[in-house]
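A.B. asks:
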Amino acid sequence: MDSTLLFAAAALGVANHVFFHRYEPRSANTALPLLLSAPAALLLFLGGPISTARLAWSNAVFLASLSLSIAAYRLSPFHPLAQYPGPAIGKVTRLWGVFIACRGYRYLYYKKLHDRYGPYIDVTGLFLADVRTGPNELSVIDAPAVAQILNAGGLDKGRYYEAGRHSGTPPSLVSLVGEAHTAKRRAWSRALTSVAIRDYEPLIRKRARQLVACLANQAGPTDLVFWLDLFSFDLTGDLAFGGGFEFMRDGEDAGSMGQKIRGFLKAATLSGQLPWIVPTLHLFPQVGRIIQEFNDFGQRLAINRMKNGSPGTKDLWYHLADEAGLEKQRPTLEASAAEGIVAVVAASDTTASALSSLLWFLLSNPECYRRVQEELDRVFADGEDPLDASKHQQLVYLCACINETLRLHPPVPTNGPRQVHLDQAGRTITGRYIPPGTSVYTPAYSLHRSPDYFFPHPDQFVPDRWLPAAESPVKFKHDTAAFIPFSLGPANCVGQKFAKREMLMVVSLLLKAFRVEFADGFESETWPTRIHDHFVASRGPLLVKLTGQHGYCP
């Protein structure tokens with residue numbers, strides 16, 4: 221074989237690495253054709269016979285040289301993230317991150333990495349708890365750094381958040397940044413004030429009572445996850461679009477909405493690992509069809525809401541569509557529909573996830589269950605309505621159990637990344653320098669279980685850590701600055717107050733209506749192993765036995 225060709229192909233591979241490292245493409249639509257055609261172009265440039273063998277050798281040497289150059293640089297001390305520890309395979313290729321995310325256990329993987337590499341002192345003498353999880357990616361669980369990253373003036377959202385949106389779909393609160401995000405956030409903030417949430421309480425009461433009625437009609441083992449999913453869809457459909465689901469009435473997820481949402485979140489999570497390939501993926505009809513189905517579904521619900529009007533109260537749509545005319549320019553139907561879909565996806569999956577985890581923790585810890593039941597019986601005497609939100613501030617221990625559930629099983633276990641963009645200067649965050657082009661994760665699951673902030677028993681369900689020190693026999697290290705189940709800063713979960721109100725109302729009613737036990741033969745200890753992380757955590761079936769409580773009828 222011609223040694224000149226082999227040498228030139230090797231040099232071309234290194235040159236392409238240098239070029240694309242300096243001028244990183246935003247889309248594979250331009251980079252892939254250039255890379256695929258480069259070996260053939262080299263043959264034409266060098267001249268000589270054109271043969272299949274020479275083309276194959278040119279391609280093989282070019283790709284090997286390109287790959288080795290990339291790997292050597294990413295593992296070298298010259299890489300700007302070389303000082304951060306992490307697995308070699310993660311440093312070399314982002315495809316390893318895609319593999320981990322595909323399996324659904326990324327939150328456990330990050331926790332394992334933080335446990336393995338642990339807090340350390342870097343070359344500058346700074347005490348760090350950061351792990352390099354990708355070629356240009358860090359995972360940070362240092363609470364002061366997390367606050368600086370997420371709060372106002374911190375790092376920007378990366379392209380990860382655009383992965384699930386087609387270019388023809390209006391951007392939503394999830395992907396917007398800057399003034400556009402601020403303007404959209406104003407509408408969401410009006411929709412989820414304490415006053416607005418009180419307007420939604422009749423909808424919660426209606427759906428919570430329907431849930432209890434449906435559960436009372438079940439014979440044999442009952443899957444709480446299934447029914448909590450149906451409840452959450454019905455409620456968020458009422459809030460966002462004035463109704464339209466009625467899954468509990470029918471006893472099924474019509475159209476497999478939950479499966480579609482989880483499939484969409486998985487696809488968005490995986491493509492978000494390689495945002496430069498998203499425009500290429502959107503060229504495939506199947507990918508475009510999934511996105512279009514969601515877009516069309518939202519618009520159909522929006523049209524129905526416009527036609528049928530409000531369900532008798534100011535709902536979420538009233539605020540998101542600016543029916544009060546408070547903004548300078550009212551959003552289009554398409555833009556409001558996109559926000560409504562965000563509400564359905566975010567509120568249904570996260571709340572159902574948190575509720576099912578709370579009930580699993582209570583059933584797994586009988587003493588905690590007993591204390592919650594006693595508190596409920598004390599606050600709501602026989603005949604009193606457990607859906608009376610004015611009394612929920614008295615449920616101190618139940619609130620502690622909810623917080624402990626959110627600590628151990630945050631509905632968004634890994635969070636999405638923030639980024640120092642390539643066209644920005646590097647940032648210094650609490651003493652650590654983060655170079656341009658770096659994505660930074662702040663995984664709640666790992667942060668919440670760090671003994672630096674929650675000790676002792678950081679991996680155990682101990683609600684007492686949330687009680688005033690005088691009420692707890694154990695002295696806890698309890699740093700709430702490291703508690704971020706709803707994220708932090710201007711892009712935090714705008715619906716967190718509503719989520720807590722909903723959880724308190726539903727759990728209060730359920731535990732007053734039923735005595736709940738694990739179903740016979742159900743392997744409850746393995747239930748957490750079926751938690752999958754595709755941005756929002758999803759759960760497997762939670763089989764229980766329900767017995768009506770004496771003296772109470774919802």
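Quick note on the working numbering: the sequence shown kicks off at 221 and runs consecutively. Just so you know, even glycine gets a beta-carbon here, dropped at the ideal spot from N, CA and C. Quick caveat, the model's predicted, so the values are computed rather than measured.
Which same chain residues, not among the five before or five after LEU412, have their C-beta less than 7 Å away from its C-beta?
C.D. replies: VAL714, GLY715, LYS717 and PHE718.
A.B. asks: Is the segment 576-592 close to the segment 612-629, with three or more CB pairs under 8 Å?
C.D. replies: Touching, per the Cβ criterion.
A.B. asks: Which complete alpha helix (DSSP H) runs does the segment 525-603 hold, if anything under 4 residues is left out?
C.D. replies: Counting whole runs of 4 or more residues, the segment 525-603 contains the alpha helix (DSSP H) stretches 536-540, 553-584 and 586-599.
A.B. asks: Assess contact between the segment 322-332 and the segment 739-758, defined as three or more Cβ pairs (one per stretch) separated by less than 8 Å. Is contact present?
C.D. replies: At 8 Å Cβ cutoff, the stretches touch.
A.B. asks: Of the choices GLY529, ARG352 and PRO688, whose alpha-carbon is the least far from that of ALA460?
C.D. replies: For the residues GLY529, ARG352 and PRO688, the minimum Cα distance to ALA460 belongs to GLY529.
A.B. asks: Quick one: any contact between the segment 580-600 and the segment 541-558, if contact means 3 or more CB pairs under 8 Å?
C.D. replies: As far as the Cβ criterion goes, the segment 580-600 does not touch the segment 541-558, which means the pair count is below three.
A.B. asks: Report yes if the C-beta distance between ARG427 and ASP454 is below 7 Å; otherwise report no.
C.D. replies: Yes, Cβ-Cβ distance for ARG427 and ASP454 is below 7 Å.
A.B. asks: Around the Cβ of HIS677, are there at least 16 other Cβ atoms within 10 angstroms (buried) or fewer (exposed)?
C.D. replies: Exposed, since its Cβ has fewer than 16 Cβ neighbours within 10 Å.
A.B. asks: Starting from the C-beta of GLY646, find all residues in its chain whose C-beta is less than 7 Å away, skip the five residues before and the five after it, and write them out in chain order.
C.D. replies: Counting only Cβ-Cβ distances below 7 Å, and skipping sequence neighbours, we find VAL640, TYR653, ILE654, PRO655 and PRO656.
A.B. asks: Span of the beta strand (DSSP E) holding LYS695?
C.D. replies: No beta strand (DSSP E) holds LYS695; DSSP gives it neither H nor E.
A.B. asks: Among all the DSSP beta bridges, which residues are the ones paired with ALA354?
C.D. replies: In the sequence on display, residue 354 carries Gly and not Ala. According to DSSP, GLY354 bridges with GLU357.
A.B. asks: Answer with buried or exposed for ASN437, where buried requires no fewer than 16 other C-beta atoms within 10 angstroms of its C-beta.
C.D. replies: Flag for ASN437 reads exposed.
A.B. asks: With burial defined as no fewer than 16 other Cβ atoms inside 10 Å of the residue's Cβ, what is the status of ARG242: buried or exposed?
C.D. replies: Per the 10 Å Cβ criterion, exposed.
A.B. asks: Helix or strand or just coil, what does DSSP make of HIS677?
C.D. replies: Correct three-state label for HIS677: coil.
A.B. asks: When the Cβ atoms of the segment 226-235 are set against those of the segment 284-291, are three or more pairs found closer than 8 Å?
C.D. replies: As far as the Cβ criterion goes, the segment 226-235 touches the segment 284-291, which means the pair count is three or higher.
A.B. asks: Which residues in the same chain as PRO499 place their Cβ atom closer than 6 Å to its Cβ, once the five residues preceding and following it in sequence are excluded?
C.D. replies: Closer than 6 Å at the Cβ level, and outside the excluded window around PRO499, lie SER247 and ASN249.
A.B. asks: Ignoring anything shorter than 4 residues or poking outside the segment 401-455, list the alpha helix (DSSP H) runs there in chain order.
C.D. replies: If we require 4 residues or more, the alpha helix (DSSP H) runs fully inside the segment 401-455 come out as 414-436.
A.B. asks: Between the C-alpha atoms of GLY338 and THR353, what's the straight-line distance to the nearest angstrom?
C.D. replies: The straight-line gap from Cα to Cα measures roughly 14 Å.
A.B. asks: Are the beta-carbon atoms of ILE649 and ALA372 separated by less than 7 Å?
C.D. replies: No, these two residues do not count as a Cβ contact at 7 Å.
A.B. asks: In angstroms with no decimal places, state the Cα-to-Cα distance between ASP569 and SER476.
C.D. replies: Rounded to the nearest angstrom, the two C-alpha atoms are 14 Å apart.
A.B. asks: Whole angstroms is fine: what's the gap from PHE674's alpha carbon to HIS668's?
C.D. replies: When rounded, the distance between both Cα atoms is 7 Å.
A.B. asks: Would you check if there are 3 or more beta carbon pairs closer than 8 Å linking the segment 341-353 to the segment 629-644?
C.D. replies: Contact between the segment 341-353 and the segment 629-644 is absent, because fewer than three Cβ pairs lie under 8 Å.
A.B. asks: Closest by CA to ALA276, which one among ALA260, LEU266 and ILE290?
C.D. replies: Checked all of ALA260, LEU266 and ILE290; the closest Cα to ALA276 is ALA260.
A.B. asks: Measure from the alpha carbon of VAL564 to the alpha carbon of each residue in THR456, TYR330 and PHE734, then state which is nearest.
C.D. replies: The shortest Cα separation from VAL564 among THR456, TYR330 and PHE734 belongs to THR456.
A.B. asks: Buried or exposed, going by whether 16 or more other CB atoms sit within 10 Å of the CB of ALA701?
C.D. replies: So ALA701 counts as exposed.
A.B. asks: Just the Cα atoms here: how many angstroms apart are PRO761 and ALA474?
C.D. replies: Approximately 18 Å between the Cα atoms of the pair.
A.B. asks: Looking only at its chain, what residues have a beta carbon closer than 6 Å to the beta carbon of GLU543, apart from the 5 residues adjacent to it on each side?
C.D. replies: Nothing meets the Cβ criterion.
A.B. asks: LEU687 by DSSP, collapsed to three states: which one?
C.D. replies: If DSSP states are grouped into helix, strand and coil, LEU687 belongs with coil.
A.B. asks: Pull up the distance between the alpha-carbon of VAL616 and that of LYS697, whole angstroms please.
C.D. replies: Using only the alpha carbons, I get a separation of about 20 Å.
A.B. asks: Give the secondary structure of GLN613 by DSSP, where H, G and I count as helix, E and B as strand, and everything else as coil.
C.D. replies: Three-state DSSP puts GLN613 in a helix.
A.B. asks: Jot down the residue ranges of each uninterrupted alpha helix (DSSP H) in the segment 276-363, minimum 4 residues, whole runs only, in chain order.
C.D. replies: Those alpha helix (DSSP H) runs which fall completely within the segment 276-363 and span 4+ residues are 308-312, 315-323 and 326-337.
A.B. asks: If the criterion is Cβ atoms closer than 7 Å, does the pair LEU763 and SER576 meet it?
C.D. replies: No. Outside cutoff.
A.B. asks: Leaving out the 5 sequence neighbours to the left and right, which residues in its chain are closer than 7 Å to GLN493 when beta-carbon positions are compared?
C.D. replies: Here the set comprises ARG314, GLY317, VAL318 and ALA321.
A.B. asks: Around the C-beta of GLY374, are 16 or more other C-beta atoms found within 10 angstroms, so that it is buried, or is it exposed?
C.D. replies: Buried, since its Cβ has 16 or more Cβ neighbours within 10 Å.
A.B. asks: Tell me whether GLU722 is buried or exposed, calling it buried when 16 or more other Cβ atoms sit within 10 Å of its Cβ.
C.D. replies: Result: buried.
A.B. asks: Check PHE755 in the structure and name its three-state DSSP category.
C.D. replies: Coil at PHE755, not helix or strand.
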